[in-house]
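Okay, so the sequence shown: first residue is 6 according to our numbering, each after it adds one.
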Amino acid sequence: MSYDNEDRLSAALQDIVGDRPYTPDVDQIESRGRKMKTRRLALGAGGATFAVAALAAVAVAATGGGAQAPAANLAAPQPATSTAADAPVVKLVGYLSTAPQPTGDATFILRDQVFPGQKIDVYDLIGDDGKLYFGTTRDALVKAVAGGHQAPGSSKEQTAFDKKGVDAAKLAATGDLNEARKLMGGDPTDGKLPPRPLLSPGAKESFSPEDLAKIAKKDKATGQKTDVDNIPNYTDNAVWNNSTDALKYGAGDPKVRAGVIKLVTQIPSVKVAPGTYQGASVLTLTAGQGVTVDGEESLVINADNGLPIKFTADGVTINYGVQRVTVADVAKGNF
C-alpha cells in the first residue's frame with residue numbers, strides 16, 4: 006500500500022521550512038508526539054497566569070472552601086441556533102456513528118511536525134490492542150514493530166489513560182453523552198492534584214471571598230495578576246485536550262472520531278468553520294478563550310470521514326496522514 010502524499014505537508018508549509026537543515030530531537034519528538042501539543046490547565050508551563058489560579062483553586066477545594074457541586078447536566082448542549090457549520094457536523098457524526106469498523110488491526114500515522122525553523126517526521130503505529138510503536142523514519146518503525154519494541158513511555162498507566170479517552174469517545178458516539186463527558190473530562194493530571202467537580206460546557210467557575218483571598222496571596226507571591234473573570238473552564242479544557250489525544254490514538258475507529266466531534270462541538274468556545282484544504286472539504290475546530298490557556302488551538306478534520314489532518318497550537322503545526330494496516334504487514338515493511 007502506498008502512502009497518499011496529499012495528506013502530507015501542504016505546499017505552503019513546505020515553502021516555510023524549505024531545505025533548512027535540522028537535527029531531530031528525539032526527546033522533543035516523543036514528548037510532543039505522545040500528546041497533540043496541548044496545554045494542560047492544572048500543569049501549565051512556567052508560571053502561566055492560569056496555572057497559578059488553577060493551583061490556587063485546587064488548594065481551596067482540597068481544604069473544603071469554595072467547593073462547587075457538580076452541574077446537573079454536564080453534557081448540556083449549546084443553545085439551539087442554526088449555523089452554517091451545523092449541517093456538515095450533524096451529517097458527519099451521523100455517518101461515522103453507524104460506519105463499520107475498517108479492516109486491519111492497527112492504525113499507521115505519519116506526523117509531519119513543523120516547529121519554528123524545524124521540521125520533524127514521525128512514524129507511529131497504534132495497535133488495536135493499545136500497543137504503540139514509534140520511529141523517526143519508516144525503516145525505524147518497521148524494525149521497532151518487527152522486534153516488538155514499543156515506544157518510550159508506553160507504560161501500562163499511559164496505555165490505560167489513552168484507552169480511557171478512546172472509550173469515552175466511543176461512548177459519546179452512540180451512548181450517554183453526559184457520562185462520556187464525565188469520563189473524558191475527568192482528572193487531567195493523572196492523580197497529581199486533588200480532583201475537582203466537573204463543570205458543564207461553557208460554565209464559569211465561581212470563587213468565594215476565601216478563594217479570591219488565596220488567589221490574591223498567590224499573585225502577590227509570584228508577581229502575577231490572575232484574571233478570575235476569564236479563567237478557562239477546566240472541564241472543557243480537559244475534554245478538548247483528552248479528545249484531541251483520543252482522536253490520534255483512536256483515529257482508525259469511525260466511532261471514536263464521531264464521539265470526539267460530538268464532545269468538542271458541544272463546548273461553546275469551540276467554533277466550527279467549514280472550508281477546503283488541498284482540495285478536500287474540511288471542518289476547522291478552533292478552541293479559544295474559555296478552553297485553552299494561552300492562545301487558540303485549532304484542529305482540521307476531513308469533512309467526509311472525520312480523520313485528523315492538521316493540529317496547530319503555540320506556533321507548532323502537526324500534519325497527519327492516517328492509514329489502516331495490519332501489524333504483520335508493517336513488520337514486513339508492506340504498507
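Every residue, glycine too, gets a C-beta built ideally from N, C-alpha and C.
Quiz item: Counting along the chain, where does the alpha helix (DSSP H) carrying L97 start and finish?
Solution: As a first step, residue 97 must be located in the sequence shown, where it is residue number 92. Residues D91 to T103.
Quiz item: Between the stretch 89-102 and the stretch 121-131, are three or more C-beta pairs nearer than 8 Å?
Solution: Using a C-beta cut-off of 8 Å, the stretch 89-102 makes no contact with the stretch 121-131, since fewer than three inter-stretch Cβ pairs fall below that distance.
Quiz prompt | Exposed unless 16 or more other CB atoms sit within 10 angstroms - verdict on D144 | solution = The count along the sequence shown starts at 1 and reaches residue 144 at position 139. Answer is exposed; the Cβ neighbour count stays below 16.
Quiz item: So is K267 buried or exposed if we call it buried at 16+ other beta carbons inside 10 Å?
Solution: As a first step, residue 267 is located in the sequence shown; it is residue number 262 there, counting from the start. Answer is buried; the Cβ neighbour count reaches 16.
Quiz item: Which stretch, first to last residue, makes up the beta strand (DSSP E) that contains F120?
Solution: Sequence index remark: in the sequence shown, residue 120 carries index 115 (1-based). Counting along the chain, the beta strand (DSSP E) containing F120 begins and ends at A111 to F120.
Self-check item: Given I236 as reference, the closest of P121, G280, F212 and G140 once Cα atoms are compared
Solution: If you number the sequence shown from 1, residue 236 lands on position 231. Taking only the C-alpha atoms, the option nearest I236 is F212.
Self-check item: Residue environment, A333, which counts as buried when at least 16 other CB atoms sit within 10 Å
Solution: Sequence index remark: in the sequence shown, residue 333 carries index 328 (1-based). A333 is exposed by the Cβ-count criterion.
Quiz item: Roughly how many angstroms separate the alpha carbons of A408 and V233, rounded to a whole number?
Solution: Beyond the ends of the chain as shown, which are 6 and 340, falls residue 408; an answer cannot be given.
Quiz prompt | Simplified DSSP state of I266, which is helix, strand or coil | solution = Reading the sequence shown from its first residue, position 261 is the one you call residue 266. I266: helix per DSSP, three-state reduction.
Quiz item: Hey, how far is the Cα of V269 from the Cα of S303?
Solution: As a working note, residue 269 is residue 264 in the sequence shown. As a working note, residue 303 is residue 298 in the sequence shown. Near 12 Å, if we compare the C-alpha coordinates of S303 and V269.
Quiz item: P279 lies in the beta strand (DSSP E); which residues open and close that run?
Solution: The count along the sequence shown starts at 1 and reaches residue 279 at position 274. Counting along the chain, the beta strand (DSSP E) containing P279 begins and ends at V275 to Y282.
Exercise. To the nearest angstrom, report how far apart G132 and K230 are at their CA atoms.
Key: Position 127 of the sequence shown, counting from 1, holds the residue named residue 132. Position 225 of the sequence shown, counting from 1, holds the residue named residue 230. Near 45 Å, if we compare the C-alpha coordinates of K230 and G132.
Quiz item: Helix, strand or coil for P313 per DSSP?
Solution: Indexing the sequence shown from 1 puts residue 313 at position 308. In this structure, P313 counts as strand in the three-state DSSP scheme.
Self-check item: Sequence ranges, beta strand (DSSP E) only - wholly within the stretch 130-170, length at least 3
Solution: 137-140, all fully within the stretch 130-170.
Self-check item: Selected residue, minimal CA-CA separation from T142, among Q163, L115 and V119
Solution: Here the question's residue 142 lines up with position 137 in the sequence shown. Of Q163, L115 and V119, the residue nearest in Cα terms is L115.
Quiz item: If P311 sits next to A263, beta carbons under 8 Å apart, how far is it from one beta carbon to the other, in whole angstroms?
Solution: Along the sequence shown, one-based indexing puts residue 311 at 306. Along the sequence shown, one-based indexing puts residue 263 at 258. Sequence inspection shows Gly at residue 311; the Pro mentioned does not correspond to that position. Rounded, the Cβ-Cβ distance is 7 Å, consistent with contact.
Quiz item: Can you tell me whether G338 is buried or exposed, with buried defined as 16 or more other CB within 10 angstroms of its CB?
Solution: Numbered from its first residue, the sequence shown carries residue 338 at position 333. Exposed is the call here.
Quiz item: I323 bridges to which residues according to DSSP?
Solution: On the sequence shown, position 318 is the one that residue 323 refers to. I323 pairs with Q118 and F316.
Quiz item: How big is the Cα-Cα spacing for N307 and I323?
Solution: On the sequence shown, residue 307 is found 302 positions in, with the first residue counted as 1. On the sequence shown, residue 323 is found 318 positions in, with the first residue counted as 1. So the alpha carbons of these two residues sit roughly 15 Å apart.
Quiz item: Which whole-angstrom value is the C-beta distance of Y254 and G170, which I expect to be below 8 Å?
Solution: Stepping through the sequence shown from its first residue, residue 254 is reached at position 249. Stepping through the sequence shown from its first residue, residue 170 is reached at position 165. The Cβ separation is near 7 Å, so the contact holds.
Practice problem: Look at the alpha carbon of T281 and the alpha carbon of D117, and state the distance between them as a whole number of angstroms. | Solution: Position 276 of the sequence shown holds residue 281. Position 112 of the sequence shown holds residue 117. About 20 Å.
Quiz item: What did DSSP end up calling V298 once you bin it into helix, strand or coil?
Solution: Sequence index remark: in the sequence shown, residue 298 carries index 293 (1-based). V298 falls in the coil class under three-state DSSP.
Quiz prompt | Between the CA atoms of D172 and N183 - distance to the nearest angstrom | solution = Counting from 1 along the sequence shown, the entry for residue 183 is found at position 178. Counting from 1 along the sequence shown, the entry for residue 172 is found at position 167. N183 and D172: Cα-Cα distance of roughly 14 Å.
Quiz item: Anyone know if the C-beta pair for L203 and K187 falls short of 8 Å?
Solution: Within the sequence shown, the letter at position 198 stands for residue 203. Within the sequence shown, the letter at position 182 stands for residue 187. Judged by their CB atoms, L203 and K187 are nearer to each other than the 8 Å cut-off.
Quiz item: Out of curiosity, what's the CA-to-CA distance linking L176 and A185?
Solution: Along the sequence shown, read from residue 1 onward, the residue named residue 176 stands at position 171. Along the sequence shown, read from residue 1 onward, the residue named residue 185 stands at position 180. Cα to Cα, the separation comes out at about 6 Å.
Practice problem: Report the rounded CA-to-CA distance for L97 versus T249, giving the unit in angstroms. | Solution: Taking the first residue of the sequence shown as 1, we reach residue 97 at position 92. Taking the first residue of the sequence shown as 1, we reach residue 249 at position 244. Roughly 17 Å between the two C-alpha positions.
Quiz item: Out of curiosity, what's the CA-to-CA distance linking K148 and P273?
Solution: As a position in the sequence shown, residue 148 is number 143, starting the count at 1. As a position in the sequence shown, residue 273 is number 268, starting the count at 1. Cα-Cα distance, rounded: 45 Å.
Practice problem: Mind reading off the beta-carbon distance from L130 to A151? Whole number of angstroms is fine, and I expect it under 8 Å. | Solution: Against the sequence shown, residue 130 aligns to sequence position 125. Against the sequence shown, residue 151 aligns to sequence position 146. Not confirmed; about 11 Å, so no contact.
Quiz item: DSSP state of S303, grouped into three classes?
Solution: Locating residue 303 in the sequence shown gives position 298, counting from the first residue. Looking at S303 - three-state DSSP - the assignment turns out to be strand.
Practice problem: Quick one: give me the first and last residue of the alpha helix (DSSP H) that V335 is part of. | Solution: Residue mapping note: residue 335 aligns to position 330 of the sequence shown, counting from 1. From DSSP, the alpha helix (DSSP H) with V335 extends over V332 to A336.
Quiz item: Is it right to say D134 is buried, meaning 16 or more other beta carbons lie within 10 angstroms of its own, or is it exposed?
Solution: As a position in the sequence shown, residue 134 is number 129, starting the count at 1. D134 comes out exposed.
Self-check item: Residue nearest to M189 in terms of C-alpha spacing, selected from D299, T240, E215 and K219
Solution: In the sequence shown, counting from the first residue as 1, residue 189 sits at position 184. Of the candidates D299, T240, E215 and K219, the one whose C-alpha sits nearest the C-alpha of M189 is T240.
Exercise. Using beta-carbon positions only, say whether D258 and S286 come within less than 8 Å of one another.
Key: The residue given as residue 258 occupies position 253 in the sequence shown. The residue given as residue 286 occupies position 281 in the sequence shown. Not in contact: D258 and S286 (Cβ atoms no closer than 8 Å).
Quiz item: For V265, which option in S159, G326 and A243 has the closest C-alpha, if you only look at C-alpha atoms?
Solution: Translated into the one-based positions of the sequence shown, residue 265 becomes position 260. Nearest option by C-alpha distance: A243.
Quiz item: Between the Cα of A278 and the Cα atoms of V298, V305, G109 and S160, which residue gives the shortest distance?
Solution: To locate residue 278, count along the sequence shown from 1; it is residue 273. Of the candidates V298, V305, G109 and S160, the one whose C-alpha sits nearest the C-alpha of A278 is V305.
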